[in-house]
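Read through the structure below, which is laid out as C-alpha cells, and then see the notes.
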Amino acid sequence: MEALLVQEPVGADGSALFDAYWPLAQPIVRNYILGLLGRRGATDEVVQEVAYTCLRRIATFDSSRDFTAWALGVARLEVFTHRRRQILLPLGDFPDLEVAMSDVQEITANQDDLRRKALLTCQERLSEQHRRFIDLRYGENCSHDEMAERLSMRVGTIKVALSRIRTLLRECVEHRLAGTGAP
6 MEALLVQEPV
16 GADGSALFDA
26 YWPLAQPIVR
36 NYILGLLGRR
46 GATDEVVQEV
56 AYTCLRRIAT
66 FDSSRDFTAW
76 ALGVARLEVF
86 THRRRQILLP
96 LGDFPDLEVA
106 MSDVQEITAN
116 QDDLRRKALL
126 TCQERLSEQH
136 RRFIDLRYGE
146 NCSHDEMAER
156 LSMRVGTIKV
166 ALSRIRTLLR
176 ECVEHRLAGT
186 GAP
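Residues 6 to 188 (our numbering) are what the sequence shown spells out, left to right.
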C-alpha cells in the first residue's frame with residue numbers, strides 16, 4: 006500500500022487537508038478498529054470519534070509522516086478511551102441491566118449446580134483405583150511426582166491415567182446433562 010504523505014503545508018484550519026486524506030485512510034482505520042473491538046456498532050462510533058479528533062488536531066499533524074499511520078495512532082487512543090468509558094459506565098444508567106445480570110447469575114448458578122451433581126454421580130461410577138487417583142490429585146492436591154511416589158508408578162503413567170479419567174468424567178457429565186444418563 007502506498008503511503009499517504011502530505012506534500013502541501015497544513016493551513017490554519019486544515020479541513021481541506023483532512024478532506025483530501027481522510028477518505029483514503031478511513032477504510033483502513035475502520036478495519037483496524039473493528040479488529041480491536043469486534044462489534045460493528047461500537048466500531049462506527051469510534052470511527053466517528055477518530056475522524057473528529059483527526060480533524061480537530063490536523064494542525065498538529067507532521068506533514069513528513071504518513072497520514073494513515075497518524076490516524077491509526079489516533080484510533081488506538083480512541084479505542085482505549087472507548088473501552089475505558091465502557092468499564093466506567095454505572096449500572097444506574099441501565100436499570101434493566103441489573104435484573105438481566107441477576108437472571109444470568111441465577112441461570113449460571115443452576116447450571117453449575119446441575120454440573121456439580123452430574124460430576125458427583127459420574128465420580129461414583131469410577132473404579133476404586135480411578136477414584137483414588139482423583140482423590141490424590143484434587144482432594145489432597147498431590148503433584149504428579151507425589152502421586153507417582155505414593156502409588157509406586159511412573160509419572161508418565163500417572164499423567165496418562167489422569168487424562169483418561171478426566172475424559173471419562175467429562176463425557177459422563179455431558180451425557181448426564183444432555184439427559185441420557187448413560188456414560
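Glycine included, every Cβ here is placed at the ideal spot set by N, Cα and C.
### Query
residue 59 lies in the alpha helix (DSSP H); which residues open and close that run?
45-61
### Task
Pull up the distance between the alpha-carbon of residue 197 and that of residue 125, whole angstroms please.
Here the chain has residues from 6 to 188 only, and residue 197 is not among them.
### Query
Assuming residue 34 contacts residue 82 under a Cβ cut-off of 8 Å, what Cβ separation, rounded to an integer in Å, is found between them?
The pair is not a contact, with the Cβ atoms about 12 Å apart (cut-off 8 Å).
### Message
Taking only three categories from DSSP, how would you classify residue 67?
### Response
coil
#### Entry: Residues near residue 128 by beta carbon distance below 6 Å, same chain, minus five either side
none
### Message
Less than 6 Å between C-beta atoms, sequence neighbours within five positions excluded: which residues of the same chain meet that for residue 181?
### Response
123
### Message
For residue 140 and residue 147, what's the separation of their Cα atoms in angstroms?
### Response
9 Å
### Task
Would you mind sorting residue 142 into buried or exposed? The rule is 16 or more other CB atoms within 10 Å of its CB.
buried
### Message
Need the endpoints of the alpha helix (DSSP H) that residue 146 sits in, please.
### Response
Premise fails: residue 146 is in no alpha helix (DSSP H) and is neither H nor E.
### Task
Could you work out which residue in 47, 61, 43 and 45 is closest to residue 27 when comparing CA atoms only?
61
### Task
State the DSSP-derived secondary structure class of residue 161, mapped to helix, strand or coil.
helix
#### Entry: residue 169, DSSP secondary structure in three states
helix
#### Entry: C-beta atoms of residue 58 and residue 84 nearer than 8 Å
no
### Query
Is the beta carbon of residue 178 sitting closer than 8 Å to the one on residue 120?
yes
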